[in-house]
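Working notes, structure below.
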Amino acid sequence: MNLKKEHLRSNHQFPNQNQKKMTEEQLHELIEKRKKVHAKQAAKVEEVIIDEPVLVEEEIDEVERLKRKIEKLETNLEKYEQNGMAKLYYSLNRKANEMADLMNAISLKDLDIDDPKSKSFDRLKVIWQGASEIGVSLTQLGQMAGVLKPDKKTEESKPFVDLIAQERR
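Under the numbering used here, the sequence shown is numbered contiguously, ending at residue 170.
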């Protein structure tokens, strides 16, 4: 137990005969200095605590931005993995159907051909001229994309005797 008391005395400065005694004024000054030091340390801790959520929010925003960028890039990658020719075929096929619906909706009997200001007939003419090109393109594109089977007309157009001759070979 004596060791503990000695340890306490060595760590803490108890006034003894060799040391001066502190006046009350000096004691209050020392207390005020320590309060200021503790206040500064507490202010630093508060600054760190206040700044951390701002950093966390900025990091969350950055993570969200990166997630959106990853989703966009994955979407772009999926486009490369798809059959582009087949998609183009279906898109052109849809446009061909729209053109056919437009042409079916307009009757040539109802068009005012005599009016020189009316451009309806000219516009319709442009549509049906482009229709044949789209039809040929659709057939070729559909076959290349594997959506349409190749024509069997070449085999069917051969004479019957040639078809029998091929089977014997």
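All residues carry an ideal CB built from backbone N, CA and C; glycine is no exception. Note that this is a predicted model, so its numbers are computed, not measured.
Cα-Cα separation, residue i to residue j
| i | j | result |
| --- | --- | --- |
| Lys88 | Glu59 | 41 Å |
| Asp62 | Lys80 | 28 Å |
| Glu30 | Thr24 | 10 Å |
| Pro117 | Asp102 | 26 Å |
| Lys37 | Val64 | 41 Å |
| Asn98 | Val57 | 54 Å |
| Asp115 | Leu109 | 12 Å |
| Lys68 | Thr76 | 12 Å |
| Ile107 | Ser133 | 18 Å |
| Met2 | Leu28 | Low per-residue confidence applies at Met2: pLDDT is 49, beneath 50, and the placement is therefore not dependable enough to give any value. |
| Asp123 | Gln130 | 11 Å |
| Ala1 | Ile32 | Outside the displayed span of the chain (2 to 170) sits residue 1, for which this structure offers no information. |
| Asp163 | Gln141 | 27 Å |
| His39 | Glu26 | 20 Å |
| Lys70 | Glu82 | 19 Å |
Contact belief for residue i with residue j at Cβ below 8 Å, rounded distance in angstroms
| i | j | result |
| --- | --- | --- |
| Ser119 | Asp111 | Not quite, the Cβ-Cβ distance comes to about 11 Å (not below 8 Å), so this is no contact. |
| Met100 | Ala146 | Actually they do not touch by this definition, with Cβ atoms about 20 Å apart. |
| Lys96 | Ile135 | 7 Å |
| Tyr90 | Val148 | 5 Å |
7 Å CB neighbourhood of residue i in its chain, flanking five on each side removed
| i | result |
| --- | --- |
| Gly143 | Tyr90 and Leu149 |
Beta carbon of residue i nearer than 8 Å to that of residue j
| i | j | result |
| --- | --- | --- |
| Leu78 | Met104 | no |
| Asn84 | Leu139 | no |
Check: residue i C-beta below 7 Å from any heavy atom of the ligand GDP
| i | result |
| --- | --- |
| Ser119 | Looking at this structure, you won't find the ligand GDP or any other ligand, since it has none at all. |
Neighbour flag for residue i against chain D, beta carbons, 8 Å
| i | result |
| --- | --- |
| Gly136 | No chain D is part of this structure, which consists of one protein chain only. |
Coil, strand or helix - residue i by DSSP
| i | result |
| --- | --- |
| Ser138 | helix |
| Gln83 | coil |
| Met145 | helix |
| Met23 | coil |
| Asp163 | helix |
| Asp62 | helix |
| Ser119 | coil |
| Ser133 | helix |
| Ser108 | coil |
| Lys150 | coil |
Other residues of its chain near residue i: CB distance less than 8 Å, five sequence neighbours each side excluded
| i | result |
| --- | --- |
| Ser121 | Ile107, Leu112 and Asp113 |
| Ile128 | Met100, Leu103 and Met104 |
| Leu9 | For Leu9, the pLDDT reaches just 49, beneath the cut-off of 50, and the residue's location in the model is therefore unreliable, leaving the point undetermined. |
| Lys34 | none |
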